[in-house]
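Here the structure is laid out as structure tokens; the discussion comes afterwards.
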Amino acid sequence: MLDLVARHKSGQACGIYSVCSAHPLVIEAACVHALRTGVDVLLIEATCNQVNQDGGYTGMTPDGFRDFVHAIARGTGLPVDRVLLGGDHLGPNPWTSLPAEEAMVRAEVLIEQYVAAGFRKIHADCSMSCVDDPTPLPEDVIARRAARLIKVAEATQRRVGGEPCVYVIGTEVPVPGGAAEDLPELEATTPEAAIATLDAHSAVFAEEGLSDAWPRVIAVVVQPGVEFDHHKVIDYDRAKAVRLRSALDDQPHLVFEAHSTDYQTPGALKALVEDHFAILKVGPGVTFALREALWALDAIEREWIGEDQASGFRNTAIERMAAEPRHWARYYQSIGADLRFDLQYSLSDRIRYYWPDPAISAAQDRMFANLADNPPPMALISQYLPAANAALRDAGLPTDPTNLVIAHIGAALEPYRTACAPEPELAHV
3 MLDLVARHKS
13 GQACGIYSVC
23 SAHPLVIEAA
33 CVHALRTGVD
43 VLLIEATCNQ
53 VNQDGGYTGM
63 TPDGFRDFVH
73 AIARGTGLPV
83 DRVLLGGDHL
93 GPNPWTSLPA
103 EEAMVRAEVL
113 IEQYVAAGFR
123 KIHADCSMSC
133 VDDPTPLPED
143 VIARRAARLI
153 KVAEATQRRV
163 GGEPCVYVIG
173 TEVPVPGGAA
183 EDLPELEATT
193 PEAAIATLDA
203 HSAVFAEEGL
213 SDAWPRVIAV
223 VVQPGVEFDH
233 HKVIDYDRAK
243 AVRLRSALDD
253 QPHLVFEAHS
263 TDYQTPGALK
273 ALVEDHFAIL
283 KVGPGVTFAL
293 REALWALDAI
303 EREWIGEDQA
313 SGFRNTAIER
323 MAAEPRHWAR
333 YYQSIGADLR
343 FDLQYSLSDR
353 IRYYWPDPAI
363 SAAQDRMFAN
373 LADNPPPMAL
383 ISQYLPAANA
393 ALRDAGLPTD
403 PTNLVIAHIG
413 AALEPYRTAC
423 APEPELAHV
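Here you go:
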């Protein structure tokens with residue numbers, strides 16, 4: 003990461019994309035795509051809500067997530083030393099219902115476990131208010147809490163060994179999980195706000211004896227003016243970020259990290275990297291691609307083997323979401339047919355929380371088995387998954403259900419790879 007930032011700051015329009023997902027097929031697809039396209043380092047990140055000492059909503063602790071990712075990488079043939087693990091929004095966010103001190107003690111445990119498990123890209127995010135905090139938190143309080151956590155990270159790395167951590171600060175993005183409905187047009191972070199965040203953190207690092215760590219603060223999270231809600235995407239408009247892009251010109255070791263780049267066009271992603279948003283985060287965008295592929299397989303299954311023999315996978319997923327609304331009730335306000343649409347197609351992709359549901363998982367297994375036992379013809383596969391079908395044929399791989407899903411997700415990742423690769427590198431892929 004330090005080398006990447008140095009190359010970017012020297013004038014190369016290079017970057018790295020970060021896959022923020024815990025779904026095994028998404029992780030496998032990311033590994034396969036990285037292997038086939040020659041990506042040097044695959045960055046995979048977990049959020050504090052997904053993975054923490056209590057298990058998060060995935061049920062995984064940091065060392066469990068590490069083992070999960072590494073096992074998938076090995077299974078694809080991708081060496082684990084080409085996988086970089088990152089922690090996103092690490093801080094008190096899962097415990098904001100508690101008093102600040104209690105929440106921060108738990109956040110310290112969180113950071114220690116992430117670093118001990120081998121995560122080396124750490125986004126320290128203490129911007130959220132706890133139950134006894136004012137809203138919003140003052141910049142100085144945010145910076146001091148972040149420094150407190152980075153102290154723990156530094157001490158843990160010294161204890162366990164391995165490469166030193168690199169850090170990301172700042173959080174001018176919506177809370178983890180996506181934006182609210184009817185998102186207005188966004189303004190990019192002002193250069194003054196970005197510099198104020200840097201100055202606050204730099205001063206506190208110096209006070210807290212973290213001067214050695216400051217050169218390893220590689221990025222600041224800002225809002226470049228990109229976001230999505232349930233039904234629309236706000237595309238990157240580089241004219242609105244023209245002042246922001248120069249804010250780090252005199253910062254030799256810092257780039258911007260852009261969250262919520264899901265659904266941006268290939269041209270917009272390339273422009274973001276050229277404008278110094280050298281770290282591109284993608285999460286719901288790849289699980290949305292997963293859902294697209296699974297819905298396509300459901301349609302193929304029903305058309306090929308008939309409704310009576312089909313798994314009913316799609317209906318099972320929708321029924322389970324309706325029966326267990328806890329992951330979407332705060333986000334979707336629609337009713338009737340509009341709600342059924344949002345459950346399936348919302349860009350915020352709340353359906354991603356439901357794939358581990360036992361009934362949905364069993365229906366998916368049955369659908370995959372049905373299609374493996376009764377392979378559909380190429381013409382039908384091409385009708386619903388044309389790009390995946392073509393990619394697998396070109397690679398000489400069978401068009402089985404798993405390969406089709408992986409190829410479809412890989413196609414969603416390809417714009418990120420090309421956006422992050424300097425032009426001379428693209429010529430050799």
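Residue numbers (my numbering): 3 to 431.
The beta-carbon is built from N, C-alpha and C at its ideal position, and this holds for glycine as well.
Query: Nonlocal neighbours in the same chain, by C-beta distance under 6 Å from glutamate 294, ignoring five residues either side; Result: none
Query: Three-way DSSP call (helix, strand, coil) for lysine 234 in this model; Result: coil
Query: Cβ pair glutamate 174, glutamine 225 closer than 8 Å; Result: yes
Query: Counted within 10 angstroms of its Cβ, other Cβ atoms place asparagine 376 as buried (16 or more) or exposed; Result: exposed
Query: Buried or exposed by the 16-neighbour rule on C-beta atoms within 10 Å, applied to glutamate 425; Result: exposed
Query: Serine 348 in three-state terms, based on DSSP; Result: coil
Query: Complete runs of the beta strand (DSSP E) confined to the stretch 259 to 321 [at least 3 residues]; Result: 281 to 284
Query: Lysine 123 - containing alpha helix (DSSP H), residue span; Result: That residue, lysine 123, is in no alpha helix (DSSP H); its beta strand (DSSP E) goes 123 to 126.
Query: Cβ-based neighbour list, leucine 415, same chain, cut-off 6 Å, excluding 5 preceding and 5 following; Result: His35
Query: Cα-Cα separation between tyrosine 386 and glycine 269, rounded to whole angstroms; Result: 26 Å
Query: Segments assigned alpha helix (DSSP H), at least 4 residues, entirely inside the stretch 90 to 178; Result: 102 to 118, 141 to 162
Query: Cutoff 6 Å; reference arginine 146; Cβ partners in own chain excluding five residues on either side; Result: Val206
Query: Exposure of threonine 289, with buried meaning 16 or more beta-carbon neighbours within 10 Å; Result: buried
Query: Separation of proline 388 from proline 94, as counted between CA atoms; Result: 44 Å
Query: Beta-carbon spacing of valine 219, leucine 256 below 8 Å; Result: yes
Query: Coil, strand or helix - cysteine 22 by DSSP; Result: strand
Query: Straight-line gap, leucine 341 to aspartate 231 (C-alpha atoms, nearest Å); Result: 15 Å
Query: 6 Å Cβ shell around tryptophan 330 - same chain, five flanking residues per side excluded; Result: Arg352
Query: Where glutamine 1 falls, given that 16 or more other Cβ within 10 Å makes a residue buried; Result: Look at the range of the chain in this structure, 3 to 431, and you will see that residue 1 is not part of it.
Query: Collapsed DSSP secondary structure at glycine 227 in the structure displayed; Result: coil
Query: Contact under 8 Å by Cβ, alanine 119 with aspartate 201; Result: no
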